[in-house]
Amino acid sequence: MSDSYPPLRVAFVCLGNICRSPLAEALFRHHVERLGASERFVVRSMGTGGWHVGDRADARTEAEAARRGVDLSAHRGAQFTADDFDRYDRIFAMDAANLRDLRRLAPYEQHADKVERIRAYDPAPGDGDVPDPYYGGPDGFAHVHDLLDRTTAALAERLVSGG
Ligand code: 4NP
0 MSDSYPPLRV
10 AFVCLGNICR
20 SPLAEALFRH
30 HVERLGASER
40 FVVRSMGTGG
50 WHVGDRADAR
60 TEAEAARRGV
70 DLSAHRGAQF
80 TADDFDRYDR
90 IFAMDAANLR
100 DLRRLAPYEQ
110 HADKVERIRA
120 YDPAPGDGDV
130 PDPYYGGPDG
140 FAHVHDLLDR
150 TTAALAERLV
160 SGG
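When we follow numbering that gives the first Met the number 0, the leftmost residue of the sequence shown carries the number 0, and every step to the right adds one.
So this is what it looks like as structure tokens:
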């Protein structure tokens, strides 16, 4: 592939953009870097809701990530808007509600077709949703971290190999 090939623009989307999608963004970035392919991607995360625009990641998400050497301190919350369908090539929703909300927001069918659930790439996809840890205990944050680590690793390998 030519070095001048434009980067693939990838967005991760959850509800609040403070727990799941900021972590998916950071872990995906880590895995493409590990594969030596960072310059081939632009990576962002957003929420379907706007409550946490400008906020740091949830303190519990940040703490679990830091414990594993992943720095989320620079994250600031952003909301996904209809214009983002033109800004991103691939859009990965964390759960079925995010997927439904994004597809409802899509101006055209070809926009809606850019959206898929991230656990479609999980080698052990379970029910297909990344559970929202926001209202739960600390175990939920460790579980979501494990799940997103293996899922973004598989996704990075797929996208780097052109899938
Ligand atoms: P996230 O979790 O979608 O994984 O960022 C949530 C964070 C905040 C809220 C809901 C879910 N909230 O209602 O503020």
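Yeah, the Cβ is synthetic: ideal placement off N, Cα and C, and Gly gets one too.
C-alpha gap between residue i and residue j, whole angstroms
i, j, result
"Ile17", "Thr47", "11 Å"
"Ala64", "His144", "7 Å"
"Pro5", "Asp131", "33 Å"
"Ala77", "His51", "7 Å"
Neighbour-count burial assignment, residue i, 16 or more Cβ in a 10 Å radius
i, result
"Arg33", "exposed"
"Arg157", "exposed"
"Arg19", "buried"
"Ala56", "buried"
"Gln95", "In the sequence as displayed, the identity of residue 95 is Ala instead of Gln. It is exposed - the Cβ of Ala95 has fewer than 16 other Cβ atoms within 10 Å."
Residue from the options whose Cα sits closest to the Cα of residue i
i, options, result
"Arg89", "Ala155, His30, Arg66", "Ala155"
"Arg75", "Ala141, Ser44, Cys13, Pro124", "Ser44"
Near ligand 1: residue i beta-carbon under 7 Å from a heavy atom
i, result
"Gly46", "yes"
"His166", "For residue 166 there is no data in the structure shown, the boundaries of the chain being 0 and 162."
"Arg43", "no"
"Ile17", "yes"
"Asp131", "yes"
Chain B contact for residue i (CB, 8 Å cutoff)
i, result
"Ala62", "Any reference to chain B falls outside this structure, which holds one protein chain only."
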